[in-house]
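Have a look at the structure below before the remarks.
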Amino acid sequence: MDCHGWFPALRLLAAMLVTAGTSGPALAAATGAKPNILFIMIDTLRPDHVGCYGYQRQTTPNLDRLAAGGVRFDQMIAASSWTTPSVMSMFTSLPPSLHGVTGPDKTLVGDATTLAAELKRAGYQTVGFTSNPCTHSKLGYARGFDLYDDFTVMLSSDLNLFEDFDQEKGILSTVTSPTINRLALSWLEQKRDPGRPFFLYLLYFDPHADYVPPSPYNRLFDPEYDGPENGRNLPDRAESGSAVFTERDRAHIRALYDGDIRFTDEHVGALLKKMEQLKLLENTLTVVVSDHGEEFWEHGGMLHGHTLYEELIHVVCILHWPGKIGPGTVFPQQVSHVDIMPSLLDAMGLPIPRQCRGESFMPCLASPDKPFPRKECFLETEIRNVQLKAIRSAGGKIGWDLKTGQKRGFNLREDPAEIAGVDCAATAWCQDPATRLDAWWQATLREVATRPEPQTITSEIDPRLKKQLKALGYLH
Ligand SMILES: [Zn+2]
402 MDCHGWFPAL RLLAAMLVTA GTSGPALAAA TGAKPNILFI MIDTLRPDHV
452 GCYGYQRQTT PNLDRLAAGG VRFDQMIAAS SWTTPSVMSM FTSLPPSLHG
502 VTGPDKTLVG DATTLAAELK RAGYQTVGFT SNPCTHSKLG YARGFDLYDD
552 FTVMLSSDLN LFEDFDQEKG ILSTVTSPTI NRLALSWLEQ KRDPGRPFFL
602 YLLYFDPHAD YVPPSPYNRL FDPEYDGPEN GRNLPDRAES GSAVFTERDR
652 AHIRALYDGD IRFTDEHVGA LLKKMEQLKL LENTLTVVVS DHGEEFWEHG
702 GMLHGHTLYE ELIHVVCILH WPGKIGPGTV FPQQVSHVDI MPSLLDAMGL
752 PIPRQCRGES FMPCLASPDK PFPRKECFLE TEIRNVQLKA IRSAGGKIGW
802 DLKTGQKRGF NLREDPAEIA GVDCAATAWC QDPATRLDAW WQATLREVAT
852 RPEPQTITSE IDPRLKKQLK ALGYLH
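Structure representation (structure tokens):
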């Protein structure tokens, strides 16, 4: 099989446009001071609602500018379709079943290293600020960080420091990007050791439901709407099935989501501007990535976590590194969340731990003709009553429902919206990838059996955290 998926007659649409000069290790060695890494995670951000990915609304002028100065990945595929497993796959280069954080109460396996731990070992200051309770330190997200702040946003909500805030709904009912910016800038300006490189990880949460952008972002993209929809209590309403959304209401919900994206983009832009003023951007590799997308009724539902369709697993990825990555480039090949950790370590000239299941894409950025070595990626989601696995190439996807045993195949080139799935058992082209999906899952299960069981911490979860996770729909 060639690198272009399961449909050999079809070829990549575009040649590699990336113009960067050399591979990662050489890049880092060529500079004096070690480069910094700014890792921006934007929760629930769909690429098709982002300007540089072709969206018509002006949702992301700052992300578009960043992509224009760097590289946009056209096929970054999430490890899962919700926060907890996806973010940990970025941090460990392991699929969810192997890092163990497959639920809101499961912890990182004991012997796993992390991106932060590897950078810390190399002398980096490692600092993270998160606004999503699904990435709480109790689950292992703090591993390798000098400072992992998962409490300031939560504390601010407990103390009712936000405006327009519903105490019962916690961070769902407000915006948190301003707090993340304050924390990040305070650290950069007052607490950072300028003599050492930094790894700064920021999780922006606002595009996540509820969609409650403040004025003027709440009217920005649908000012004419005068119906009842306000974007609130969506996890509750979606789960109970109590809500009936007219087409007009649905359009307004998308506009509110877009308002949240624009609001977040403005904060990312303000952060980047300040870092530029501090002359911190020139020697910084900036990564912007999303953990998963969001469904707006494409397959009958909303929110995320419950399927592995494209609207949930096709994510944003932008890299910006002045003088190192050619501006305005596009990386067309399929890569995955698990490739991020090895790529960043490679870019910094650091060894890639044997644990990593992903591959560095940095050599492909350096050599336009170089095919990315892995042609397929695997996806998983386990949440509430759902247990799904999938294998995806650039041209097709097999989804496997472990509850029913059914496997369905989708030709992503002819049916990118995944409407006309076929029964794999009766379809010739499905056989090989379905066999590889089976083999991968069996091998994964064998490896899981050799590892200590991930701990379950439900009984120890702080009642306030538990309330937040329930409000998000991740716990019952
Ligand atoms: Zn998320």
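Read left to right, the sequence shown gives residues 402 to 877 (the numbering used here).
A virtual CB, placed ideally from N, CA and C, is assigned to each residue, including glycine.
### Task
Would you check whether ligand 2 has a heavy atom nearer than 6 Å to the C-beta of T580?
Of the ligands this structure carries, namely ligand 1, none is ligand 2.
### Query
Do you know whose CA, among L713, V688, N684, lies nearest W698's CA?
L713
### Task
Mark G901 as exposed unless 16 or more other C-beta atoms lie within 10 angstroms of its C-beta, in which case mark it buried.
Outside the displayed range of the chain (402 to 877) lies residue 901, so it cannot be described from this structure.
### Task
Compute every distance between the C-beta of T665 and the non-hydrogen atoms of ligand 1, then say whether any falls below 6 Å.
no
### Query
For the segment 758-804, which segments carrying the beta strand (DSSP E) assignment without a break, of at least 3 residues, lie completely within its bounds, in sequence order?
778-784, 787-793, 797-802
### Query
Which term fits P496, buried or exposed, when burial requires 16 or more other beta carbons within 10 angstroms of its beta carbon?
buried
### ligand 1 heavy atom lying under 6 Å from the CB of D594
no
### Query
Does the Cβ of L679 have 16 or more other Cβ atoms within 10 Å, making it buried, or fewer, making it exposed?
exposed
### Proximity to P728 [Cα-Cα], best of G470, L446, T461
G470
### Query
Does the beta-carbon of Q591 have 16 or more other beta-carbons within 10 angstroms, so that it is buried, or is it exposed?
exposed
### Query
Looking only at its own chain, which residues have a Cβ that is under 7 Å from the Cβ of T857, when we skip the five neighbours before and after it?
D506, K507
### Cβ-Cβ separation, T445 to E695 (assumed contact under 8 Å), whole Å
5 Å
### Query
Which same chain residues, not among the five before or five after M676, have their C-beta less than 8 Å away from its C-beta?
L439, L589, L682, T685
### Query
Can you tell me whether K725 is buried or exposed, with buried defined as 16 or more other CB within 10 angstroms of its CB?
buried
### Task
Give the secondary structure of H668 by DSSP, where H, G and I count as helix, E and B as strand, and everything else as coil.
helix
### Message
Run through the DSSP bridge pairs and tell me what V472 is partnered with.
### Response
L720, T730
### Query
With respect to 6 Å, is the separation between the Cβ of D444 and the closest non-hydrogen atom of ligand 1 below this value?
yes
### Message
Checking 7 Å against the spacing of the C-beta atoms, do T775 and V510 come in under that value?
### Response
Per the sequence shown, residue 775 should be read as Arg rather than Thr. Contact: no.
### Message
Which residue wins for smallest C-alpha separation from P615, given the options I784, L657, S490, A818?
### Response
L657
### Query
So, using beta-carbon positions, are D692 and T484 closer together than 7 Å?
yes
### Query
What are the partner residues of Q526, as DSSP defines its beta bridges?
F599
### Query
For D692, which three-state DSSP category applies?
coil
### Query
Taking C-beta to C-beta, are Y525 and P598 nearer than 7 Å?
yes
#### Entry: Same chain only: Cβ atoms within 6 Å of P723, ignoring 5 sequence neighbours per side
E683
### Close-in-space but distant-in-sequence residues of the same chain around R638 (CB under 7 Å, 5 per side omitted)
A644
### Message
Give me the residue from M703, S794, M749 with the minimum Cα distance to R522.
### Response
M749
### Task
Starting from T685, follow its DSSP beta bridges and name the residues at the other end.
N437
### Task
May I ask you to verify whether the segment 737-745 touches the segment 757-772, counting CB pairs closer than 8 Å and requiring at least 3?
yes
### Query
Where DSSP assigns a beta bridge to N631, which residues make up the other side?
Partner(s): none; N631 has no beta bridge.
#### Entry: Distance CB(I719)-CB(R473) smaller than 7 Å
yes
### Query
Going along the chain, which unbroken runs of the alpha helix (DSSP H) with 4 or more residues stay wholly within the segment 444-513?
462-469, 484-493, 497-500
### Task
Answer yes or no: the CB of T782 versus the heavy atoms of ligand 1, is any distance below 6 Å?
no
### Query
To the nearest angstrom, how far is it from the Cα of E777 to the Cα of S578?
35 Å
#### Entry: Rounded separation between G642 and D770 - CA only
50 Å
### Message
Quick check: what's the CA-CA separation for I784 versus G504?
### Response
7 Å
### Coarse secondary structure for G810, derived from DSSP in three states
strand
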